[in-house]
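Residue numbers (the working numbering), protein chains in the order written: chain C, 917 to 1866; chain Z, 87 to 364. Virtual Cβ for every residue (Gly too), placed ideally from N, Cα, C. Note that the structure is predicted; figures quoted are calculated from it, not measured. All remarks here apply to the structure that follows.
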Amino acid sequence: MNIHNLSKDTVLKNLVTSDKGLSETEAAKRLHEYGLNEIKEVRKKSLFHRFIAQFTHFLAILLWLAAGLCLLSEYLHPGEGLVSLGIAIFGVILINAVFTFVQEYRAEKAIEALKKLLPFNVKLSRDGSTKEICAENVVPGDLVFLGEGDKVPADARLIESNYLMVNNAPLTGESDTRPRSHEAFEGDYFESPNIVFAGTHVVSGSGRAVAFATGMSTEFGKIAHLTSGVQERLSPLQKEIIKVTKIIAVIALTTGIFFFVLGTFIGRSFWHNLLFAIGITIANVPEGLLPTVTLSLAMGSQRMAKKNALIKTLTSVETLGSVTVICTDKTGTLTQNKMEVQEIWTLSDSDALRIPSPLRGEGKGGGEAWSGISPSPSSPPVKGGESYNMLMQAASLCNNAVYDNGKYKGDPTEAAILKAAREAIGDMKAERIHEIPFDSERKRMTTVYKWEVGSGKWEVKEKDLLTSTSHFLLPTSYFSFTKGALETVLPLCTDILRDNEVKAISEDDNNSLMHTYHSMMDEGLRVIAFAYKEIGDIEHRIQNTDNPPLPPFSKGGMGGFDIESDLVFLGLMGLEDPPRPEVPDAIEKCHSAGIKIIMITGDASRTAVAIAKQIGLVKNNPVVIEGHEINVMSDSDLRGKLLSDEIIFARMTPVHKMRIVTILEDEGERVAVTGDGVNDAPALKKANIGIAMGLTGTDVAREAADIVLLDDNFASIVNAIEEGRGIFENIRKFITYIFASNIPEAVPYIAYVIFNIPLPLTIMQILAVDLGTDMFPALALGAEKPARGAMRQPPRSPEEKLLNFKILGRAYLFLGPIEALAGLSGFFYVLHSGGWQWGTMLPSHEVLYMQATTACLAGIIVSQIGNVFACRSFKDSIFRLGFFSNKLVILGTAAEIILSALIIYHPWGNRIFGTAPLRADVWLLLIPFSIGLLLAEELRKYYARRYSNA
Amino acid sequence: MYKKILAAVNEFSNSEIASRYAITLAKSSHAKLYLVFVAEEKIEKDKLRHAEAALERLFLEARNTGVDVESITECGEPVSKIKKLVKEHDIDIVFAATRREDVKKRFFVKTLSRQLMVKLPCSVAMVRVVKMAGIHPKHILVPLRGHLTDIEERAYFVATLAEGSGAGITLFHLHKPITSFINGEMHLKPVQRDEYVPKDVEKFREHLNKYKIPHEKKTGTGSIARAITLEAAHRKNDLIVMGASERSLLSSIVKGNPVETVLRETPCNLIIFRGRKS
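Set out below in structure tokens:
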């Protein structure tokens, strides 16, 4: 037995409370035991810890180590300028940490948004009197009063209810109201009408409930638990960056140790060898990599924002490019969320009507059995008979949407039905005396109208349809109109209206009806059934009974009289939420890009499959799983189903999403999931990429997501994926570019030690390259457009490394040596032209030495200009790509040239970097190296293309 | 296996909820139930009244469900009195509720819960009540570590509790991540993780099978405490039954203590079980 199964007395007994509520003493004791009724963030990292984490990741540690070695080297061998490099590296770490921290801090407010859904004050009973207290002081056992407009403060069991209707949207994701009752319930706890959940909203009626769970123990608290408790994982890019860093660390340390040992064998002193080892280690650390990656991602997020995908966490830019599965909602994402009545069916002489829509493509099937097609969507549908007119009246009157100032306002489905009715029969005005609202359990609504001839209370404008129907000729009549899902309306009907004749529903009628219903569903239409009943003078009958006065709402009845039985069936309306026009192309792109799309919808399976076929999501017979099936399915069974190529989840609630996402991720998939509701938040957090809807999404969903879709459009996701795919390749491009310059920075140092020559490149000049001239072209490579075939290739395998042997070999063994040759050529050319003799050491302030090191620096910079064009593609020729197709590369190169000119020719640059102006002949010597590098790369690319084609 | 069960009752409502689990177990295992209230000296009248009322309610509830029940009120220091009663009546298992202020303390130093766990010569089920409803759990989560103690008794405890409540069981094992220097933590699919499920977990399953209790086996990854609480919240478990911590104080300070963290963050009621032999 559980709380929802128990009678009122047992509930009170089990929760150790009474009809008068808790005493203040007991409430205080319980508050002490169970804590405040509040939503908390589970294990929230303090801001300080989050900030410190930016300084302690692996790449930051490597940079700390490099900076420390700089300071050590400066201490052991002052005057080499290493202290400047050390300070610069500290600056890089700090700026990057602050930038990333600010980006991440913005993303952590989902729990704050959840907290806003709980009430501030609550009315309850304590010590037998009614009190209003702060909602956070509610404890288990408290007797809470619920009234229209209240938010429920805790999970509670109803002990009294008076036409109570509650909107469970924050928990179920479905914005419909549900009737609540205090009676004991034998079914499932979550479906129990006697339970009200924290965070939900009382729409109407009143009641009293005993709280049994508060704070984080409530179902709402579980959402908070799941949202804030999801373990923060590294994104695929972060993992790859760590791997790259480890590889760099291994290379740098190995090189340092190797040359230390070599120097010992050669016979150099310990301190000399140590300084050299430190120098070579620092030269191998790419100081510019961290800021370049961060800025490149920031630029990527800007480009995605232009494509309606607002990025909240920087690394999501690349993660999006690596997704293998997209779990997407249907309504509003794949479709326009603009309902339109497409087909109408009544049993009349003309049998049926069909309203063609411009959105419905050729050959989509359906409609062959229909007649009476109207000429155009703008003209009113052709009258199909009296049953048709009556259906339209029901559509108009059993409806809560309104037509106001030329716009239809209300639920999209109701607005579409009202629009169809208005266009067919004009405006209707009548006195509504009762309503049984729609709720998702009954799946229908009923309205009751009073009609008095000549009273003006029932007006039919434009067309006088009612008078042509014999049923409406009584001076005062009462009618009920019911609309809803066929499976809930048809069982209430005994008769059917065929033109003017009300007749019993025959087997043929039923077959025809069901055939039509299935045909409509197969076309992807949402089907609504209509019925009516003449109920006589119900007001008079109610007055003459002992029943209570007319309640605002009741469950299937009115004043004790059943108004939802023996109904006359009127017909069906088929509504379509048209697919977004750009979606089929986007889906095709995903298919060719090897991305699996899983539709998760609350709609019926036939409708879901039909829409999926229309938009090209499925081509064969997909596996369709409905909500009730997934509930009883084990994880291993569901895992097996998820392996199917085409799979659709229908009649789903958001709670199922997290399970699907978890299983997919367990299987190694990289999952993007869309969501808009409060209880989508855990799935949005759990997925590799959570995508919230910007237009229809709740604050909670938006805060929990990594990406906010500004137009709710599926096509925007696909565009952003294409952009994301380019980012990974772009990072590889600038890694190649940055790593290539490590060799000409390291080789001079080796030559200095081994060949006993003056140091060809000072530490400050290394810094000028790594954190100066290299930065702008590297960033420009980060902005390269995705390759043309990016969406024609399968998603990047998790095994695919950011830094592989091909990239490392190209940078270290091919491009790097050419650049080293350029630098040393310039260095020796200047020395020799200045009369230098081999083995002569020059003082660091001598002009010849400064010119020589400047020439080495210029050699590296010039060859890096050729390199930036070479690195734009691994295989494609620059002549095919076009020199000017990425304008940022041109701008980056221009910035590089201007910065070089300042370093080489401006007195400030000379002073800071120990440089001296170069003669023109030095440039004439160096420029061919840039061209040579580019041509050598073209040759390599030619063979690379040939090899891959073969 | 259990013939005599003792439930410690006090003036707090959570001890009443904890005792209801003892009633369920007593009914399911046909054991005699001792409801014990130990009043400390100089106890306030109000507290005494609340505790005695709770004792009475529980007595009636147990009797109405057909359990052989005895109610005992003693005066003195609770731990020593309960220890004495355990010895006197040859009690198999003691149920007691943890208090929120115990949970707040690091490593439960100087808490009643810790003393009962350490000093009693029988099995102990320490109950953390965060939700007053759901007396009969429908989904029990049983996290299992690699090396289990009292496998047979723990399986019996879980099986009997599940049988008495008509609950399903999910066995949840978190395997140690496989790492390498360059690649970091390797991702293993559930099928691959299954290969690393320890023998003790399989033994536990065999015992459950013996009692014909339906159960599902799951493996997970990541931080132990967080994975357990997330699994409980995600799959709507309404009770967690996990073994008592076997980490030393030093080890808990250095590596953390998952049991302590789960106690603090559990989204549903929790039973920490310590077997007689532990």
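- Proximity of C/K1138 to chain Z, defined by a Cβ-Cβ separation below 9 angstroms, is satisfied.
- Judged by beta-carbon spacing, C/F1446 lies within the 9 angstroms limit of C/V1405, meaning their Cβ atoms are closer than that value.
- Under the three-pair Cβ rule at 8 angstroms, the stretch 1655 to 1668 of chain C does not count as touching the stretch 1632 to 1644 of chain C.
- Of all residues in the stretch 96 to 118 of chain Z, those with a C-beta nearer than 7 angstroms to a C-beta of chain C are F98, S99, N100 and E102, reading in chain order.
- A distance below 8 angstroms between beta-carbons, with the five flanking residues on each side excluded, links C/A1810 to no residue of its chain.
- Under the 9 angstroms criterion on CB atoms, C/I1541 is classed as non-interfacial with respect to chain Z.
- Non-local C-beta neighbours of C/I1011 in its own chain, meaning closer than 8 angstroms and more than five positions away in sequence, comprise P1207, ordered along the chain.
- In the three-state reduction of the DSSP assignment, C/R1618 falls in the helix class.
- Under the criterion of beta carbons closer than 8 angstroms, C/E949 and Z/R185 qualify as touching, at roughly 7 angstroms.
- A Cβ-Cβ distance of about 12 angstroms is found for the pair C/L1307 and C/R1414, leaving them out of contact under the 8 angstroms criterion.
- Of all residues in the stretch 1046 to 1059 of chain C, only P1056 and G1057 come within less than 8 angstroms of chain Z when Cβ atoms are compared, listed by chain position.
- Taking C-alpha positions only, C/S1077 is separated from C/Y1105 by approximately 18 angstroms.
- In terms of Cα proximity to C/G1532, the closest of C/F1176, C/G1798, C/Q1709 and C/P1497 is C/P1497.
- Per DSSP, the unbroken beta strand (DSSP E) holding C/T1590 starts and ends at V1587 to G1591.
- Residue contact check for C/K1557 against chain Z: no CB pair falls below 9 angstroms.
- The stretch 1428 to 1440 of chain C and the stretch 1502 to 1516 of chain C do not touch, with fewer than three beta-carbon pairs separated by less than 8 angstroms.
- Interface annotation, Z/F258: not in contact with chain C, CB-CB separation never under 9 angstroms.
- Taken atom to atom, the span from the alpha-carbon of C/S1000 to that of C/L1683 is near 9 angstroms.
- A Cβ of chain Z is located within less than 9 angstroms of the beta carbon of C/L931.
- When the beta-carbon positions are compared, C/I1242 and C/T1612 stay at least 9 angstroms from each other.
- The Cβ atoms of Z/H293 and Z/T256 do not sit closer than 9 angstroms to each other.
- Under the DSSP assignment, Z/A245 falls outside any beta strand (DSSP E), being part of the alpha helix (DSSP H) whose first and last residues are I237 to S251.
- Note: C/F1630 is not bridge-paired with any residue in the DSSP secondary-structure output.
- By the neighbour-count criterion, in which a residue is buried when 16 or more other Cβ atoms sit within 10 angstroms of its Cβ, C/F1644 is buried.
- Between C/L1488 and C/I1527, the gap from beta carbon to beta carbon reaches 9 angstroms or more.
- Ranked by Cα distance from C/E1048, the first of C/D1066, C/K1032 and C/L1033 is C/D1066.
- In this structure, C/A1070 lies near C/A1129, with their beta-carbon atoms less than 9 angstroms apart.
- Of the candidates C/L1697, C/N1629, C/R1648 and C/W1824, C/N1629 places its Cα closest to the Cα of C/G1248.
- DSSP, read as helix, strand or coil, puts C/Q1709 in coil.
- If you check each beta-carbon in the stretch 1303 to 1314 of chain C against every beta-carbon of chain Z, none falls closer than 9 angstroms.
- With its beta carbon at least 9 angstroms from every one in chain Z, C/H965 lies outside the interface.
- When only Cα atoms are considered, C/F1175 and C/I1157 end up about 27 angstroms apart.
- If you draw a straight line from the Cα of C/R1726 to the Cα of C/R1856, it comes to about 10 angstroms.
- At a cut-off of 9 angstroms between beta carbons, Z/H273 contacts chain C.
- Judged by DSSP in its simplified three-state form, C/P1328 adopts helix.
- The Cβ of Z/M328 sits no closer than 9 angstroms to any Cβ of chain C.
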